[in-house]
Every structure is written in C-alpha cells, then in structure tokens.
Amino acid sequence: MKPYNEVFSFGYKSYNNKMTEELSKAYDPKVTEEKIYKLWQESGYFNPDNFANLKNLKLKTKNYSIHLPPPNVTGSLHMGHALNATIADILIRYHRMKGYKTVWFPGIDHAGIATQNVVEKQLKKEGLSRWDLGREKFIEKVWEWKEKYGGIILEQLKRLGASCDWSRARFTMDPDYANWVKKAFIHYCEKGLIYRGKRVVSWCPRCQTSLSDLEIEYKPEKAKLWYIRYPLKTQIKTDDDRPRGKSPRSPLRSAESAFVVVATTRPESMLGDAAVAVNPKDKRYKKLIGESVNLLLVGREIPIIADDAIDMNFGTGAVKVTPAHDLLDAEIAERHGLPFYQVIDERGRMTVGAGKDFEGLKVLEAREKVVAKLQELGLIEKIEDYQHNLAVCYRCGATLEPMLSDQWFLKMSELAEKTLKPVKSGKVKIIPQNFEKILFSWLENIKDWCISRQIWWGHQIPVYFCKQAQTDPSTSAEHGAGHSADYTRTDAEKFIVATEKPEQCPFCKECEMEQSQDVLDTWFSSALWPLAGLSEKDVEDFYPSNVLITARDIINLWVARMIFSGLEFVKKEPFPEVLIHATILTKEGKRMSKSLGTGIDPLELIEKYGADATRFGIIWQAMGTQDIHWDETAVMAGKKFANKLWNIARYVRSVRDDRDENVSIERSDRSPNIEHVDDKPILEKLRIIETEVRANIESYELGPALHKIYDFIWHEFADKYIEASKKRDDEEVKKVLLALLLGSLKILHPFMPFITEEIYQILPTENKKLLMIERWN
RNA sequence: GGGCGCAUAGCUCAGCGAUUAGAGCGACCGCCUUACACGCGGUAGGUCCCAGGUUUAAAUCCUGGUGCGCCCACCA
Numbered sequence: 001m002k003p004y005n006e007v008f009s010f011g012y013k014s015y016n017n018k019m020t021e022e023l024s025k026a027y028d029p030k031v032t033e034e035k036i037y038k039l040w041q042e043s044g045y046f047n048p049d050n051f052a053n054l055k056n057l058k059l060k061t062k063n064y065s066i067h068l069p070p071p072n073v074t075g076s077l078h079m080g081h082a083l084n085a086t087i088a089d090i091l092i093r094y095h096r097m098k099g100y101k102t103v104w105f106p107g108i109d110h111a112g113i114a115t116q117n118v119v120e121k122q123l124k125k126e127g128l129s130r131w132d133l134g135r136e137k138f139i140e141k142v143w144e145w146k147e148k149y150g151g152i153i154l155e156q157l158k159r160l161g162a163s164c165d166w167s168r169a170r171f172t173m174d175p176d177y178a179n180w181v182k183k184a185f186i187h188y189c190e191k192g193l194i195y196r197g198k199r200v201v202s203w204c205p206r207c208q209t210s211l212s213d214l215e216i217e218y219k220p221e222k223a224k225l226w227y228i229r230y231p232l233k234t235q236i237k238t239d240d241d242r243p244r245g246k247s248p249r250s251p252l253r254s255a256e257s258a259f260v261v262v263a264t265t266r267p268e269s270m271l272g273d274a275a276v277a278v279n280p281k282d283k284r285y286k287k288l289i290g291e292s293v294n295l296l297l298v299g300r301e302i303p304i305i306a307d308d309a310i311d312m313n314f315g316t317g318a319v320k321v322t323p324a325h326d327l328l329d330a331e332i333a334e335r336h337g338l339p340f341y342q343v344i345d346e347r348g349r350m351t352v353g354a355g356k357d358f359e360g361l362k363v364l365e366a367r368e369k370v371v372a373k374l375q376e377l378g379l380i381e382k383i384e385d386y387q388h389n390l391a392v393c394y395r396c397g398a399t400l401e402p403m404l405s406d407q408w409f410l411k412m413s414e415l416a417e418k419t420l421k422p423v424k425s426g427k428v429k430i431i432p433q434n435f436e437k438i439l440f441s442w443l444e445n446i447k448d449w450c451i452s453r454q455i456w457w458g459h460q461i462p463v464y465f466c467k468q469a470q471t472d473p474s475t476s477a478e479h480g481a482g483h484s485a486d487y488t489r490t491d492a493e494k495f496i497v498a499t500e501k502p503e504q505c506p507f508c509k510e511c512e513m514e515q516s517q518d519v520l521d522t523w524f525s526s527a528l529w530p531l532a533g534l535s536e537k538d539v540e541d542f543y544p545s546n547v548l549i550t551a552r553d554i555i556n557l558w559v560a561r562m563i564f565s566g567l568e569f570v571k572k573e574p575f576p577e578v579l580i581h582a583t584i585l586t587k588e589g590k591r592m593s594k595s596l597g598t599g600i601d602p603l604e605l606i607e608k609y610g611a612d613a614t615r616f617g618i619i620w621q622a623m624g625t626q627d628i629h630w631d632e633t634a635v636m637a638g639k640k641f642a643n644k645l646w647n648i649a650r651y652v653r654s655v656r657d658d659r660d661e662n663v664s665i666e667r668s669d670r671s672p673n674i675e676h677v678d679d680k681p682i683l684e685k686l687r688i689i690e691t692e693v694r695a696n697i698e699s700y701e702l703g704p705a706l707h708k709i710y711d712f713i714w715h716e717f718a719d720k721y722i723e724a725s726k727k728r729d730d731e732e733v734k735k736v737l738l739a740l741l742l743g744s745l746k747i748l749h750p751f752m753p754f755i756t757e758e759i760y761q762i763l764p765t766e767n768k769k770l771l772m773i774e775r776w777n
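Residue numbers (UniProt numbering): 1 to 777.
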C-alpha cells in the first residue's frame with residue numbers, strides 16, 4: 001500500500017500538467033482506459049484495507065461485499081459475464097463511494113469436466129489420451145495449461161473496468177480451498193449424509209463419468225418407436241405359426257396370439273431386460289401378470305410384472321424393464337427384486353453380458369443388429385416415427401447412457417429443507433421473486449446428489465481404501481451377467497474418511513492405503529464459494545455478502561447449494577438477496593451461441609466503442625429482469641454520450657480555467673448564495689436526480705437510473721442550461737457549471753467509470769482524490 | 001404434462017389507473033451557431049395483439065383467445 005501523498009501525487013501531478021493541454025475534440029477511450037485502470041490499481045483502493053491510514057477519509061462501519069460468480073478457468077468473456085460484472089461493478093463502486101468498506105471478491109473455478117475436456121482435446125492433437133499419460137502426469141498438464149491459458153477472463157474483466165479486489169482472488173483448487181472441500185466432505189460423512197452405493201446414474205460415455213441430475217440437458221430428437229413382440233413362454237410358436245399378412249391390430253390380440261408387444265426407442269437395451277411390466281389396472285394384461293416371456297436374443301426367460309409407474313395409455317401399455325440402463329426401470333427393479341444386467345459399458349459399447357453377437361459393438365450398431373435379428377425372427381410388429389427428448393451431457397453434448405455404477409451420494413432431504421426455509425421466510429430474497437419457484441420445485445422433489453465423478457481433474461475424494469480388502473470399486477465397473485443391485489451396502493469396514501492418508505491401514509495394519517480415484521462434482525466445491533479459502537478475518541468481516549448476482553440457469557446448480565453449505569458451515573445464509581439478472585439473447589430472441597456464430601464478443605465492443613460505452617449499452621437495455629434482445633445501437637448511443645460528456649467538460653474547462661478552492665465534489669449538490677433565476681432549478685433538479693438514482697441503484701433498477709442520468713446530463717444540463725449560460729457573463733454561472741459537472745460525474749461514475757475519472761482528474765478543483773473514492777453522500 | 005414470462009412507433013425497449021403515449025437507433029427537412037457533425041434545430045411515424053369486463057377514467061386492472069419465448073418433468 002502506498003502512503004496517502006504518494007498515491008495522489010501519482011494521479012494529481014500528472015494530470016495537473018494537463019490543465020494547459022489542449023483536449024481533443026472527440027473522446028478517445030483508447031487513450032483513457034488503460035491509463036485510468038492503472039491509476040486505480042496503483043492506488044490500491046480496490047482493497048478497502050488500504051483506506052486504513054488514509055487521512056480525510058473515514059469509512060463507515062458498515063461493510064459491503066459481493067462475490068463474483070467464479071468463471072470457469074477455461075472461460076472467456078461473453079455477454080452474460082459482461083452484464084453480470086457491470087451490474088456488480090456499479091453496485092460495488094456505488095457502495096465504495098458511499099463510504100462502505102467494500103470488497104468485490106474475484107476468482108476462478110477449476111471446472112472439472114470442462115477443463116479436463118479442453119486439455120484432453122489438446123492431447124488428442126498430439127495423438128495422446130489421458131490414459132497414455134497416467135493420472136499424475138495428466139494433472140500436471142492441466143496445471144500447466146491453467147498457468148498458461150487459464151483465467152484470461154479475469155484480465156478481460158479488467159478491461160471492462162471491474163473494480164475487484166485482485167489481492168483477494170481465489171482459485172477453487174488452491175490449497176486453502178481444497179482443505180475446505182475436504183472438511184465439507186468429512187463434515188457430511190460425520191453427519192451420516194454421505195453414502196456410497198451402486199446405482200443407476202446418468203453416465204457420459206465421452207467424458208467417462210457420472211453426472212448429477214442437474215448436469216443433464218435435453219435436446220429434441222427424431223427417433224423411431226419400435227414395437228417388439230416378446231413371445232409368451234407357454235406358447236412359443238414356430239416360424240410357421242407366426243402371423244402373416246395382417247398383423248394383429250391391438251396389443252390385446254397380440255397377447256392372445258402368443259406375444260406381448262412392447263414399444264421402445266432403444267431396442268438394443270432389450271439385451272439387458274429383466275422383465276416386462278404392465279399397469280396392474282390394465283385389463284388387457286391382467287391374465288398375463290406372473291407369466292413369463294422369452295428373450296430370444298439372449299435366451300433368457302423374464303417375468304411379466306405389474307407396476308403402478310406404467311402408463312396404460314402410452315404405446316401398448318406394456319414396457320420392457322432394463323434395470324441397469326434406465327433410471328425408472330432401476331426403481332421398478334428395486335421394487336420387484338429384479339436382477340440388473342449390465343449390457344453397455346462406460347464407453348458406450350456392448351459388454352459380454354450382451355451376448356457374443358453383440359459384444360464390443362457401439363450402441364447404435366447394436367441397435368441396428370438387434371432390429372435386424374428381430375426382423376428375421378418376425379418379432380417386429382411395426383416401426384413408428386417418434387419425437388422425444390434425448391438426454392445429453394451438458395459439457396460435451398454426447399448422448400448419455402444410464403449406467404449402473406458405484407458412486408458417492410449426498411443425502412438431500414434434510415439439506416433441501418434447510419435451503420427452503422430461509423427462502424420461504426424471506427431471509428434470503430430471490431429477485432425477482434417468481435424465480436423462487438424454480439428453487440422450490442427442484443428442492444421439493446429432490447433426489448440424492450451424486451457427488452462423485454470419474455474424471456481426474458478436481459478434488460479427489462478424501463477416502464482411503466484398504467488395499468487388502470479390496471480395490472476402489474468405483475474404478476471397476478462390473479460387466480457381464482446379471483447381479484442384484486446392492487442398495488444397502490455401506491462398505492464402512494473397508495475405507496476410512498480422512499484429510500490425509502493414514503500412516504497405517506486401520507484394517508489390515510500393513511497395506512499402503514489407496515485414496516479413492518474419484519473426484520468431487522465441481523459444484524460441490526463451488527457451493528462453498530462464499531466462504532472457502534477466505535481468511536478468518538474476511539469471513540468475520542464479509543460473511544454473509546450483501547447480494548449474489550447471477551443468471552437463472554444456475555439457481556439450483558449453484559445458488560441452492562451455496563445456501564445449505566453456508567448454513568451447514570457457518571450456520572448463516574451466505575447472502576440476504578439473490579439478484580437474477582436478464583439473459584442476453586440475440587436480436588431475434590435466440591440464445592447466443594459461439595458455435596453458431598450468434599454470439600457478441602464484449603471485447604470487440606470495448607475495442608470498437610470503449611468500455612464505458614459497452615457498459616452503457618448493456619445497462620441501457622437492462623430495464624428490468626426481462627431478457628434482453630441485444631441491440632448494438634445502445635452501445636453506439638453510449639459512445640455518443642461519452643463524447644457528449646467529454647465536450648461538456650471541455651466547455652466547462654474553457655469557462656473555468658482558474659482553480660477554485662470553494663468548489664469540490666462534496667459541495668456540488670449544494671447551492672449557496674444562488675441568485676440567478678436559471679441556477680436554482682437546475683441545481684434542484686440535480687439533487688432530485690441524485691436521490692432518484694440512489695433509490696434506483698439500491699433496488700437494482702440500474703437501467704432506469706442510467707436513463708435518468710443520461711436525460712439529465714444531455715437534455716437538461718447540456719441542451720438547456722449550457723445553451724442558456726452562453727448568454728451570461730457573471731461569476732455565478734461559472735460556479736454552477738462546475739458544480740453541475742461534478743455532480744454529474746459523481747452519479748455517473750459507477751456506470752461509466754473511465755471517462756468520469758478521466759474528466760475529474762483534469763478539472764480545476766482542489767483537494768482532489770480519485771473520483772472512485774469520492775463521497776456519494 | 002406442469003410452471004414462468006412477453007406482445008406499445010421501421011428496429012430494441014420505457015410507461016403499468018388520468019393532461020396532446022415516450023427514449024435510443026433509423027427515416028425526412030434544415031444548419032460546419034466560437035463544447036461536441038459521435039453535433040444542433042425541426043418533421044413524419046402508433047386501431048398501445050384480439051374480444052369481452054371493472055371504473056367517472058385502461059396501453060396500464062380482471063377474464064378469455066391468439067402468437068412468441070424460456071424453464072421443469074423417468075411417458076418407454
């Protein structure tokens with residue numbers, strides 16, 4: 001930290017000389033922005049601790065803080081970030097100017113799957129896979145990548161003018177942060193909320209890992225619905241007996257003629273069928289419940305069972321049950337004690353369990369072959385076109401396979417209730433309120449959270465296995481013939497949970513214990529963001545933060561989980577308010593997408609129009625929480641406005657080339673000894689605008705606030721007052737012009753920080769600091 | 001199948017119970033007026049989606065309809 005005088009001499013003296021310089025007619029953001037950001041950074045005032053020794057600047061006892069939603073380490077700035085950061089920066093700058101001890105905490109998320117994918121892609125160019133390198137080497141590579149390319153986005157945020165306290169930047173893989181993650185895991189274990197189990201989870205065959213329910217995306221797909229005949233065991237017909245020509249019209253008649261017909265979109269999965277299920281109320285099938293059908297392709301006999309989950313009105317009303325490869329079927333199987341036949345492996349290929357004919361085939365190849373075989377056997381009754389939603393990986397877009405595997409789960413019912421309570425009572429306010437429903441509907445139908453991932457980049461689960469007893473089962477997916485799913489296994493006797501690897505194995509007393517190969521879901525660590533890795537002092541001073549600003553697509557993924565994490569570990573909600581901002585869409589109302597080329601790059605806007613203009617354009621359009629159909633002309637308007645302000649300043653300076661000790665920004669809204677009829681109303685108007693803008697900012701109405709400031713500066717101050725002032729030649733008008741300009745700079749600064757700071761530095765006023773820390777009383 | 005939101009000038013949006021419905025951008029006409037042509041002055045442009053209703057009064061509140069967008073859901 002620099003002493004008071006030194007800091008200001010930097011800003012003041014250099015600009016002092018400028019008093020005599022000609023200012024260019026047009027405002028040029030390129031000359032200003034880099035210089036001003038440097039000025040701010042060198043002052044050290046993004047960090048409020050540097051105010052401590054500062055004369056003439058007392059801080060309020062109140063603190064104000066915001067946590068930047070940590071962008072992915074792989075990320076680069078897009079419009080969503082720009083909107084989020086601009087909103088946050090306005091709030092931060094406003095509160096800093098109000099004299100609060102203000103901190104905006106920045107940082108980056110290690111983004112497990114996303115980052116691993118990026119590095120794997122890079123390796124692939126060299127013809128390597130992560131398996132070629134091995135875990136340790138691969139993780140080294142990821143760190144290398146991180147040092148080289150990671151976190152570019154934070155540099156990009158600086159170009160926007162973000163006044164984050166960079167000295168407090170964190171990374172979710174920092175050692176301190178990692179300790180928090182371990183502590184959290186162990187905490188939940190001790191509370192009995194974490195368990196390991198063999199369950200059917202959504203599996204990405206490309207990323208080679210499990211995913212949680214929130215990491216699944218759905219995309220519409222034109223598919224086929226195959227109607228497949230399952231021959232009844234008791235009356236298997238020979239080829240000659242099978243119906244020809246006219247097919248039976250109704251499922252009932254099919255059944256009577258020795259088949260049960262089942263509709264499916266995934267014929268290949270029938271190799272893992274354990275039953276055919278019908279609704280117990282379905283009259284068509286009542287007689288058949290308890291009978292068996294033959295799975296000819298695998299030579300297995302499976303029962304016909306009754307279950308309420310079956311919709312009588314869909315398809316034929318009879319459903320094939322594939323416990324190991326379908327979430328609903330797994331539940332049915334559990335209820336009926338059916339075996340789980342794993343026929344697809346982690347890479348999306350058929351296992352030995354699928355039979356010799358199919359082993360090793362990719363899912364889609366197996367599908368073709370199964371259909372062909374069924375056709376040969378005359379077991380396909382019909383094929384219909386069918387539109388449905390395909391589950392895909394939210395990171396890589398690959399088709400997901402529900403898969404039976406060993407995973408770690410966090411029990412959610414208690415935590416969900418814990419989260420709901422403060423939101424329902426208003427202790428945590430979601431703004432706008434209707435987004436509460438997103439939270440409620442998820443939490444009220446909550447499932448346990450699968451927190452283990454089979455990738456390498458992330459927080460390795462702090463669990464140690466006895467090598468003698470067994471190897472980590474999570475790495476050895478079981479193939480082959482059916483086995484019962486074990487929903488009750490605890491494995492408590494074979495592993496321990498600990499922050500460090502124990503010296504001696506408590507079980508066999510001789511083996512080197514082995515840490516679990518799994519890592520934690522990235523969102524498990526993100527959930528700790530408002531407190532993990534903070535110093536004790538910062539937790540004391542800045543927890544809870546004042547508002548969380550975020551987009552609506554991570555309300556459940558992130559916000560909900562932060563709420564219960566905060567309650568678990570600090571017994572306090574992490575923030576009283578959650579501001580859900582708009583989503584920026586294309587002008588046509590479509591989602592901005594890099595791959596489709598429909599995205600707008602904020603850096604290009606900054607390059608073209610300047611950072612202030614970009615911020616202006618974004619906030620100008622952010623009138624409510626309504627989604628924004630992006631309109632670049634708003635940024636152009638911002639550029640024009642910056643230029644207008646610049647020229648107002650040039651004009652005022654040309655009138656006021658002297659320096660006046662009696663005019664300072666803190667007095668700009670007062671009007672002592674005003675005599676001229678033109679002066680009182682405009683000063684009064686400025687005061688009103690300031691009051692309104694303050695109210696707007698405090699209720700997050702930033703768009704309306706900016707419109708008001710714009711209107712005042714351009715149409716009241718410039719168009720009316722300055723024009724009228726040209727006819728005057730008294731001393732008062734000079735004072736008022738300067739006062740109006742200072743007042744304008746002050747209220748505009750949070751929105752357009754660069755140009756306002758630049759102008760402030762070249763104005764003839766005494767006792768000048770940085771506008772950034774001037775008081776907004 | 002549930003839930004949420006939106007429909008106002010050519011475009012993107014304000015206005016959300018009351019004087020001639022506004023802004024930015026665009027269009028048109030005039031101006032290089034000694035701060036700004038990234039400017040100044042002026043003009044045109046609107047059955048405020050449709051149909052009912054409440055009210056002294058509706059773009060604004062209510063009901064229904066139409067059209068768009070988004071989110072959630074295990075219908076094979």
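Cβ coordinates follow ideal geometry from the N, Cα and C atoms, glycine included. Note that this is a predicted model, so its numbers are computed, not measured.
Residue burial classification, residue i (beta-carbon count within 10 angstroms, cutoff 16)
i           : result
T499        : exposed
D132        : exposed
Y487        : The pLDDT assigned to Y487 is 34, lower than 50, so where the model puts this residue is not dependable; a value taken from the coordinates is nonetheless given after this. When all chains shown are included, Y487 counts as exposed.
C204        : buried
I688        : exposed
T633        : exposed
residue 782 : Residue 782 falls outside the range modelled here, since the chain spans only 1 to 777, and no answer is possible.
N389        : exposed
E164        : Strictly speaking, residue 164 in this sequence is Cys, with Glu absent from that position. Under this definition C164 is a buried residue.
D28         : exposed
P375        : The question names Pro, but residue 375 is Gln in the sequence shown. Exposed, by the Cβ-count rule.
As assigned by DSSP and simplified to three states, the class of residue i
i    : result
D553 : helix
P462 : coil
C204 : strand
G297 : Per the sequence shown, residue 297 should be read as Leu rather than Gly. Coil, per DSSP.
G353 : helix
L771 : helix
S14  : The predicted model places S14 with a pLDDT of 41, which falls under 50 and marks its position as unreliable; any figure quoted below should be read in that light. Reduced to three states, the DSSP call for S14 is helix.
A162 : coil
W776 : coil
F717 : helix
S484 : Low per-residue confidence applies at S484: pLDDT is 38, beneath 50, and the placement is therefore not dependable, though the value from the model is reported in the following sentence. Of the three classes helix, strand and coil, the one that applies to S484 here is coil, per DSSP.
L225 : strand
Neighbourhood of residue i by C-beta, 7 Å cutoff - its chain only, sequence neighbours within 5 removed
i           : result
E359        : M350, T351 and V352
E692        : K708
R135        : W456
K501        : Y464, M513 and Q515
I302        : D273, A274, A275, V276, S292, V293 and L295
residue 799 : With the chain running from 1 to 777 in the structure shown, residue 799 is simply not present.
Spatial neighbours of residue i in its chain, beta-carbon cut-off 6 Å, leaving aside the 5 residues before and after
i    : result
A85  : L157, L160 and A162
V200 : L327, A330, P402 and L404
A354 : L271 and V343
E757 : I36 and L771
L338 : A274, A275 and P323
Other residues of its chain near residue i: CB distance less than 8 Å, five sequence neighbours each side excluded
i    : result
I759 : L645, W646, A649, L741 and L745
T625 : I431, P432, I580, H581 and A582
L193 : L410, K411, E414 and L415
K233 : E291, S292, V293, N294 and E301
**Message:** Closer than 8 Å is the cut-off here; do at least three beta carbon pairs connect the segment 167 to 183 with the segment 527 to 542?
**Reply:** yes
**Message:** Can you confirm whether the segment 207 to 219 touches the segment 365 to 375 when touching is taken to mean that 3 or more C-beta pairs between the two stretches lie within less than 8 Å?
**Reply:** no
**Asked** With contact counted as at least three CB pairs below 8 Å, one residue from each stretch, are the segment 86 to 104 and the segment 695 to 705 in contact?
**Response** yes
**Request:** Identify every run of the beta strand (DSSP E) within the segment 391 to 451, keeping only runs that are complete inside it and at least 3 residues long; order them along the chain.
**Result:** 401 to 410 and 429 to 431
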